[in-house]
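Single-structure report; data block below.
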Amino acid sequence: MLNQITNFEKSNQYRNKIHSLIPGGAHTYSKGDDQFPLLSPAAITKGEGVYVWDLDGNKYLDCSMGLTSVSLGHAYKPVIEAVRKELENGVNFQRPASIEMEMAEKFLELIPCHQMIKFSKNGSTATTAAMKLARAYTGRELVAFPGDHPFYSYDDWFIGKTACNKGVPSDYMNYTVTYNSMDLNSLEEMFQKYPGKIACVISEPEKTHNQPADYVQKLIDICHKHGALYVMDEMITGFKTDYPGSIKKLNVVPDLATWGKGIANGFSFCALTGKKEIMELGGINRPGEEKVFLISTTHGGETHAMSACMATMKEFKEKNVIAHNHSIGDLFISKVRDAIAKKGLSDYVSLSDSNWMVAFAFKNKDKAIDNGLRTLFMQEMIKRGVLFQGVFVPCFSHQAKDVDFFAEAVTESLDVFTMGLENGYGKYLIGEPTKPVFRKIL
Ligand SMILES: Cc1ncc(COP(=O)(O)O)c(C=O)c1O
Numbered sequence: 001m002l003n004q005i006t007n008f009e010k011s012n013q014y015r016n017k018i019h020s021l022i023p024g025g026a027h028t029y030s031k032g033d034d035q036f037p038l039l040s041p042a043a044i045t046k047g048e049g050v051y052v053w054d055l056d057g058n059k060y061l062d063c064s065m066g067l068t069s070v071s072l073g074h075a076y077k078p079v080i081e082a083v084r085k086e087l088e089n090g091v092n093f094q095r096p097a098s099i100e101m102e103m104a105e106k107f108l109e110l111i112p113c114h115q116m117i118k119f120s121k122n123g124s125t126a127t128t129a130a131m132k133l134a135r136a137y138t139g140r141e142l143v144a145f146p147g148d149h150p151f152y153s154y155d156d157w158f159i160g161k162t163a164c165n166k167g168v169p170s171d172y173m174n175y176t177v178t179y180n181s182m183d184l185n186s187l188e189e190m191f192q193k194y195p196g197k198i199a200c201v202i203s204e205p206e207k208t209h210n211q212p213a214d215y216v217q218k219l220i221d222i223c224h225k226h227g228a229l230y231v232m233d234e235m236i237t238g239f240k241t242d243y244p245g246s247i248k249k250l251n252v253v254p255d256l257a258t259w260g261k262g263i264a265n266g267f268s269f270c271a272l273t274g275k276k277e278i279m280e281l282g283g284i285n286r287p288g289e290e291k292v293f294l295i296s297t298t299h300g301g302e303t304h305a306m307s308a309c310m311a312t313m314k315e316f317k318e319k320n321v322i323a324h325n326h327s328i329g330d331l332f333i334s335k336v337r338d339a340i341a342k343k344g345l346s347d348y349v350s351l352s353d354s355n356w357m358v359a360f361a362f363k364n365k366d367k368a369i370d371n372g373l374r375t376l377f378m379q380e381m382i383k384r385g386v387l388f389q390g391v392f393v394p395c396f397s398h399q400a401k402d403v404d405f406f407a408e409a410v411t412e413s414l415d416v417f418t419m420g421l422e423n424g425y426g427k428y429l430i431g432e433p434t435k436p437v438f439r440k441i442l
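What follows is the structure, encoded as structure tokens:
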């Protein structure tokens with residue numbers, strides 16, 4: 001039997017105060033209190049490798065690693081050392097830091113089909129810049145994304161199209177259109193509905209379909225047939241599905257690509273890459289032509305974040321991080337599926353096949369997705385020292401023993417899950433089930 005965490009006293013104090021200081025209590029809604037059961041850490045004080053500690057000193061195995069941004073491990077030494085060294089030279093100057101050139105060359109070496117790059121601090125800045133650039137390049141006003149995909153930016157062009165559209169001018173929403181990611185006919189229909197009007201389609205390459213390479217190539221072909229650009233959002237797939245990402249794995253050529261999360265092991269460094277003829281619209285060497293105000297931000301070229309990215313790239317290249325992460329993912333899938341099967345619950349708890357990011361689904365007796373049961377399972381995993389939020393993202397510091405620990409916690413948590421399945425989750429869940437991030441009413 002695993003040790004059980006019962007003390008959340010300091011977490012509760014933090015929870016009670018933080019919402020009066022920070023709206024939402026966090027800097028992404030995905031980390032918020034409404035995304036976790038009540039019996040959970042409210043905030044993290046430190047991380048090392050694949051472990052994190054909360055305010056009460058409880059230790060947890062980490063599973064989603066900073067919303068998938070920590071690809072090597074928390075406080076990973078070679079990255080920290082590179083950052084420390086860079087900090088000694090200062091972080092921001094009146095003219096660009098000279099390592100911007102090295103950074104650009106090194107990143108672009110990974111993407112032979114793209115010749116230019118702009119840096120940013122957040123993924124949303126990169127995806128929003130891609131929308132602007134596509135509009136400027138094509139002279140068209142609409143942008144498109146698959147309406148069944150979860151997230152592309154916190155900026156208005158995307159958020160305006162979700163249930164949380166308060167604060168976004170209603171007219172603005174007319175400039176974004178959607179299609180169904182599972183159905184390329186719906187993409188074709190969307191283009192036919194708005195002939196000559198759509199500047200680009202942005203999508204995540206490996207989200208909701210079974211034959212990604214073939215599918216993505218067809219998607220690109222349809223975009224090009226209609227004179228639109230295709231933007232591949234590698235925010236999650238980058239440094240996970242392959243190195244540098246799905247652009248290589250699928251062997252396709254998007255016009256633009258957006259990068260972030262795992263590329264700098266949790267440091268704030270993101271990027272927009274693309275074909276020269278499109279990207280150079282954001283340049284200043286076109287005398288007589290109209291200027292496109294692409295990404296322009298004070299902290300975009302912060303030196304230590306670039307060092308973090310370069311040190312991360314070095315590790316990925318020299319240590320074959322992708323092979324390690326995928327083997328941990330494969331082991332995880334087989335051991336956890338085994339644990340679920342042994343309890344006879346395979347119809348109710350299932351795992352995706354993707355060894356680079358394993359997603360769980362929880363169902364009730366009617367075989368319908370059940371958020372209450374999911375939250376109950378989270379509560380039981382957290383109690384047993386696993387900071388679980390529905391996904392497992394392997395990183396370079398995860399080892400086979402961590403998979404064993406996770407599987408043991410699953411075995412024990414499933415006993416409570418079974419009771420919840422039989423008698424209703426409400427009998428065993430303390431507090432409320434988690435709520436969707438994108439909801440109209442709080
Ligand atoms: C696919 C995708 N694109 C873009 C973003 C936005 O990135 P950021 O949170 O760094 O602004 C996210 C963030 O979760 C994402 O998952």
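The sequence shown: position 194 = 194 (the UniProt record's numbering), numbered continuously.
Beta carbons: idealized from backbone N, C-alpha and C, even for Gly.
Only a predicted model underlies this, so the values are computations on that prediction, with no experimental measurement involved.
Are there 16 or more other CB atoms within 10 angstroms of the CB of residue i, so buried, or fewer, so exposed?
{"i": "Asp255", "result": "buried"}
{"i": "Ala361", "result": "exposed"}
{"i": "Ser153", "result": "buried"}
{"i": "Phe93", "result": "exposed"}
{"i": "Ala359", "result": "exposed"}
{"i": "Ala400", "result": "exposed"}
{"i": "Glu318", "result": "exposed"}
{"i": "Met131", "result": "buried"}
{"i": "Glu302", "result": "buried"}
{"i": "Arg384", "result": "buried"}
{"i": "Gly431", "result": "exposed"}
{"i": "Gly426", "result": "exposed"}
{"i": "Gln13", "result": "exposed"}
{"i": "Arg439", "result": "exposed"}
{"i": "Arg15", "result": "buried"}
{"i": "Asn265", "result": "buried"}
{"i": "Pro37", "result": "buried"}
{"i": "His299", "result": "exposed"}
{"i": "Ala339", "result": "buried"}
{"i": "residue 457", "result": "Nothing in the structure corresponds to residue 457, since the chain is present only between 1 and 442."}
Would you kindly report the start and end of the unbroken beta strand (DSSP E) that includes residue i?
{"i": "Met232", "result": "Leu229 to Asp233"}
{"i": "Tyr215", "result": "Counting along the chain, Tyr215 falls outside any beta strand (DSSP E), though it belongs to the alpha helix (DSSP H) covering Pro212 to Lys225."}
{"i": "Thr258", "result": "Leu256 to Trp259"}
{"i": "Asp62", "result": "Lys59 to Asp62"}
{"i": "Ala43", "result": "Here Ala43 belongs to no beta strand (DSSP E), and DSSP marks it neither H nor E."}
{"i": "Tyr51", "result": "Tyr51 to Asp54"}
{"i": "Leu274", "result": "This sequence places Gly at residue 274; Leu is not what is there. From DSSP, the beta strand (DSSP E) with Gly274 extends over Cys270 to Gly274."}
Compute every distance between the C-beta of residue i and the non-hydrogen atoms of ligand 1, then say whether any falls below 7 Å.
{"i": "Phe438", "result": "no"}
{"i": "Glu380", "result": "no"}
{"i": "Ile198", "result": "no"}
{"i": "Cys164", "result": "no"}
{"i": "residue 443", "result": "As displayed, the chain neither begins before 1 nor continues past 442, which places residue 443 out of reach and without an answer."}
{"i": "Glu204", "result": "yes"}
{"i": "Thr28", "result": "yes"}
{"i": "Leu387", "result": "no"}
{"i": "Ser153", "result": "yes"}
{"i": "Cys113", "result": "no"}
{"i": "Asp233", "result": "yes"}
{"i": "Asn285", "result": "no"}
{"i": "Gly123", "result": "yes"}
{"i": "residue 456", "result": "Shown here, the chain extends from 1 to 442; a query on residue 456 therefore has no answer."}
{"i": "Cys223", "result": "no"}
{"i": "Leu281", "result": "no"}
{"i": "Leu67", "result": "yes"}
{"i": "Gly390", "result": "no"}
Going by DSSP, what residue range makes up the alpha helix (DSSP H) through residue i?
{"i": "Ala400", "result": "Ala400 to Asn423"}
{"i": "Tyr14", "result": "Glu9 to Ile18"}
{"i": "Phe316", "result": "Thr303 to Lys319"}
{"i": "Ile247", "result": "Ser246 to Lys249"}
{"i": "Leu72", "result": "Neither: Leu72 is in no alpha helix (DSSP H) and is coded neither H nor E."}
{"i": "Ile5", "result": "Ile5 -> no alpha helix (DSSP H), and no H or E assigned at all."}
{"i": "Arg84", "result": "Lys77 to Leu87"}
Please give me, in chain order, every unbroken run of the alpha helix (DSSP H) with length at least 4 that falls completely inside the segment 95-144. 99-109 and 123-138
Threshold first: 4 residues or longer. Then list the alpha helix (DSSP H) segments lying entirely within the segment 342-397, N to C. 371-383
Segments assigned beta strand (DSSP E), at least 3 residues, entirely inside the segment 149-217: 176-179 and 198-203
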